[in-house]
Amino acid sequence: MKLLYFFLLMFVILLGGYLYVNDFSFDNSSFSGYLLNTLFFFLLSLVGIITLVLAVVSIKRKSAHKGIMTIRQYYEYKEYKTD
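Sequential numbering from 532 applies to the sequence shown in our numbering.
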């Protein structure tokens, strides 16, 4: 739930900052354009962040040596099991 609040806060900050920087005046056409641009950039950045997080997680999970024993490890394992 905290993540949802964080993204909501980020959206409000992005929207407020964008409106402030572009000297926003409240009429329907300019508000619609600002809102659409802000939503577009927010969604693009969200997709980028999610892609980056998933890539990092998948790279951390994959290990080249996971589940593979060397010959020495196999014989040590076999000796230990027979004792």
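Even glycine gets a Cβ: it sits at the ideal position worked out from N, Cα and C. Small disclaimer: the values here were computed from a predicted structure and weren't measured.
query	result
Assumed close pair L545, F573 - CB separation to whole angstroms, cut-off 8 Å	6 Å
contact_flag[the stretch 566 to 583, the stretch 545 to 554] where n(CB pairs < 8 Å) is 3 or more	yes
Collapsed DSSP secondary structure at I580 in the structure displayed	helix
Coil, strand or helix - N553 by DSSP	coil
Cβ neighbours of L577 in the same chain (closer than 8 Å, five flanking residues each side left out)	F538
Euclidean distance between Cα positions of E514 and R603	There is no way to answer for residue 514, as the model of the chain reaches only from 532 to 614.
Collapsed DSSP secondary structure at M541 in the structure displayed	helix
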